[in-house]
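Asks: Sequential numbering of the sequence shown, starting at 367, is according to my numbering.
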Amino acid sequence: MQTVHTVAELRTALTTARNAGKSVGLVPTMGFLHEGHASLIAQAVADNDVVVVSVFVNPTQFGPNEDLASYPRDPERDTELCRRLGADLVFMPAPAEMYRDPKAFVDIAGLSDGLCGRSRPTHFRGVCTVVTKLFQLAQPTRAYFGEKDAQQLAIIRKLVADLFIPVEIVGCPIVREADGLAKSSRNSYLNPAERNAAPVLSHALRAAREILRPGLATSVVRENIAAVLAAEPLARTDYIEIVQADTLEPLERCEGKMLVAIAVYIGTTRLIDNFTAEVSR
Ligand code: AMP
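1) For Val587, I'd like the list of residues in its chain whose CB is within less than 8 Å of its CB, leaving aside the five on either flank, ordered along the chain.
2) With a threshold of 8 Å, are at least 3 pairs of Cβ atoms found where one atom belongs to the stretch 374-381 and the other to the stretch 500-513?
3) Rounding to the nearest angstrom, what Cα-Cα distance links Gln610 and Gly480 in this structure?
4) Compare the C-alpha of Leu547 against each of Ala527, Gly537 and Ser568 and name the closest.
5) Closest by CA to Asp467, which one among Arg450, Thr426, Glu401 and Leu500?
6) When you compare only the Cα positions, how much space is there between Val497 and Asp604?
7) Output needed for Asn424: all residues of its chain with C-beta closer than 7 Å, excluding positions within five of it in sequence on either side, in chain order.
8) With a Cβ-Cβ cutoff of 8 Å, do Val393 and Asn414 count as a contact?
9) Please go through the same chain and pick out, in chain order, the residues whose beta-carbon is closer than 8 Å to the beta-carbon of Gly429, but skip the five residues on each side of it.
10) Taking only three categories from DSSP, how would you classify Leu519?
11) What is the DSSP secondary structure of Tyr437, reduced to helix, strand or coil?
12) At 3 residues or longer, what runs of the beta strand (DSSP E) sit wholly inside the stretch 425-494?
13) Would you mind sorting His371 into buried or exposed? The rule is 16 or more other CB atoms within 10 Å of its CB.
14) With DSSP as the reference, please indicate the residues paired to Gly537 in a beta bridge.
15) Taking 6 Å as the limit, name every residue whose beta carbon sits nearer than that to some heavy atom of the ligand AMP, in sequence order.
16) By DSSP's criteria, Gly397 is part of a beta bridge. Which residues make up the other side?
17) So Ala570 and Ile628 are in contact, right, with Cβ under 8 Å, and what is the actual spacing, rounded?
18) Going along the chain, which residues of its own chain have a beta-carbon closer than 8 Å to the beta-carbon of Val416, five neighbours each way excluded?
19) Between which two residues does the alpha helix (DSSP H) harbouring Val373 extend?
20) Who are the Cβ neighbours of Leu434 in its own chain at under 8 Å, not counting the five residues just before and after it?
21) Would you give the residue range spanned by the alpha helix (DSSP H) that Ser420 belongs to?
22) Assign Pro599 to buried or exposed, taking buried as 16 or more other Cβ atoms, counted over all protein chains shown, within 10 Å of its Cβ.
23) Is the beta carbon of Ile535 closer than 8 Å to that of Glu513?
24) Considering only the alpha carbon of each residue, which of Leu525, Ala516 and Ala564 lies closest to Asp545?
25) Using 10 angstroms around the beta-carbon of Lys499, count the other beta-carbons present and answer buried if the total reaches 16, otherwise exposed.
26) Assuming the contact rule is C-beta atoms closer than 8 Å, Phe457 and Ser420 should be a hit. Round their C-beta distance to whole Å, please.
27) Quick one, which of Glu446, Arg449, Ala408 and Thr642 has its alpha-carbon nearest Asp612's?
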């Protein structure tokens with residue numbers, strides 16, 4: 367396995383692979399890798415001849431008062447995990463390698479406005495921009511994204527369709543801790559009391575899943591989730607949204623392919639979780 371830090375090195379390494387007719391799998395990450403990332407990398411290794419993992423804490427997807435400076439980093443451990451999982455290349459660029467002023471941005475209005483976009487208004491512009499750059503550089507056959515970031519996955523699917531980017535987007539299931547908490551690099555911010563409280567997100571979603579039935583008002587489902595979250599003193603709800611899973615349009619009633627997504631502060635740490643369900647008469 368090779369670790370590269372520059373655009374030029376990445377291009378050289380992948381041009382050789384592509385000229386040899388090899389399929390390329392790309393796994394974009396911000397590092398501090400955990401089992402959620404590992405599941406994406408393992409899937410990419412199973413599906414492709416060559417796998418590149420990018421590890422880049424992308425500054426443009428953080429708001430001015432967010433955790434860019436404190437975001438956890440451990441490049442050595444990340445590199446070792448990629449090696450163990452059978453990746454071929456790790457791309458770890460410095461911010462100046464990815465961005466030169468004046469910057470070009472890629473944006474999708476509409477899909478980026480609701481859910482996480484409401485409290486993080488420039489987040490998905492940063493995600494779309496860095497993912498487009500990575501697609502341009504790696505020209506992957508397939509790229510792997512977690513269903514944990516369901517809005518991100520819906521946006522990336524729309525991005526590649528709308529910009530005619532020839533890559534297959536592969537969505538991978540949410541990997542959880544034994545108590546239901548979705549794995550996240552940001553879980554490392556939680557103190558022991560907050561860590562004990564954090565599974566309330568998955569508990570609230572599990573309760574919601576049980577009451578879904580065709581035609582039920584989504585307000586009832588939202589209230590059900592809100593009640594479970596309200597019982598946890600360390601939890602403060604950012605949003606509870608119930609939308610059509612592909613278009614992210616709000617749903618009045620339970621029907622079709624639904625995405626139930628929540629964002630909740632546990633102390634000062636903002637966590638997200640979701641599930642999708644097909645509800646048919
Ligand atoms: P991040 O490093 O947080 O930007 O995540 C990189 C990729 O890993 C994204 O596509 C995430 O959706 C995915 N991912 C993060 N956590 C999980 C998880 N618990 N299960 C599955 N995929 C995840």
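Ideal Cβ positions, reconstructed from N, Cα and C, are used throughout, including at glycine. For clarity, every value in this text was computed on a predicted model and none was experimentally measured.
Replies: Judging by the given coordinates:
1) By 1-based counting over the sequence shown, the position of residue 587 is 221. Hits under 8 Å: Ala574, Ile577, Leu578, Ile608, Cys620 and Val626.
2) yes
3) In the sequence shown, the residue the question calls residue 610 occupies position 244. In the sequence shown, the residue the question calls residue 480 occupies position 114. Those two C-alpha atoms are separated by around 12 Å.
4) Position 181 of the sequence shown, counted from the start, is the residue given in the question as residue 547. Selected option, being the one with the closest Cα: Ser568.
5) Position 101 of the sequence shown, counted from the start, is the residue given in the question as residue 467. Cα-wise, what sits closest to Asp467 is Thr426.
6) As a position in the sequence shown, residue 497 is number 131, starting the count at 1. As a position in the sequence shown, residue 604 is number 238, starting the count at 1. Their Cα atoms are separated by approximately 26 Å.
7) Against the sequence shown, residue 424 aligns to sequence position 58. Answer for Asn424: Met396, Gly492 and Val496, listed in chain order.
8) Here residue 393 refers to the residue found at position 27 of the sequence shown. Here residue 414 refers to the residue found at position 48 of the sequence shown. No; because the gap between Cβ atoms is not below 8 Å, this pair is not in contact.
9) The count along the sequence shown starts at 1 and reaches residue 429 at position 63. Excluding sequence neighbours, Gly429 sits near Arg486, Pro487, Thr488 and His489.
10) Locating residue 519 in the sequence shown gives position 153, counting from the first residue. In the structure shown, Leu519 sits in a helix (DSSP, three-state: H, G or I).
11) Looking up residue 437 in the sequence shown gives position 71. Of the three classes helix, strand and coil, the one that applies to Tyr437 here is coil, per DSSP.
12) 455-457
13) Translated into positions along the sequence shown, residue 371 becomes position 5. It counts as exposed.
14) As a working mapping, residue 537 is identified with position 171 in the sequence shown. Paired residues: Phe511.
15) Thr395, Met396, Gly402, His403, Ser405, Leu406, Phe511, Gly512, Lys514, Asp515, Cys538, Ile540, Val541, Ala548, Lys549, Ser550 and Ser551
16) Within the sequence shown, numbered from 1, the residue matching residue 397 stands at position 31. In the DSSP output, where bridge partners are listed per residue, Gly397 has none listed.
17) Working through the sequence shown from its first residue, we reach residue 570 at position 204. Working through the sequence shown from its first residue, we reach residue 628 at position 262. Going by Cβ atoms, the distance from Ala570 to Ile628 rounds to 7 Å, so yes, they are a contact pair.
18) Within the sequence shown, residue 416 is the residue found at index 50, counting from 1. Contacts found: Leu380, Ala383, Lys388, Ser389, Val390, Gly391, Asp454 and Leu455.
19) Taking the first residue of the sequence shown as 1, we reach residue 373 at position 7. Start and end: Val373 to Asn385.
20) By 1-based counting over the sequence shown, the position of residue 434 is 68. So the qualifying residues of the chain are Val423, Pro425 and Phe428.
21) Translated into positions along the sequence shown, residue 420 becomes position 54. No alpha helix (DSSP H) contains Ser420, which is instead part of the beta strand (DSSP E) from Val416 to Val421.
22) As a first step, residue 599 is located in the sequence shown; it is residue number 233 there, counting from the start. Under this definition Pro599 is an exposed residue.
23) Taking the sequence shown and counting its residues from 1, one reaches residue 513 at position 147. Taking the sequence shown and counting its residues from 1, one reaches residue 535 at position 169. No; because the gap between Cβ atoms is not below 8 Å, this pair is not in contact.
24) One-based indexing of the sequence shown puts residue 545 at position 179. Of the listed residues, the one whose Cα sits closest to Asp545 is Ala564.
25) By one-based count along the sequence shown, residue 499 stands at place 133. Lys499 is buried by the Cβ-count criterion.
26) Reading the sequence shown from its first residue, position 91 is the one you call residue 457. Reading the sequence shown from its first residue, position 54 is the one you call residue 420. Rounded, the Cβ-Cβ distance is 4 Å, consistent with contact.
27) As a first step, residue 612 must be located in the sequence shown, where it is residue number 246. Selected option, being the one with the closest Cα: Thr642.
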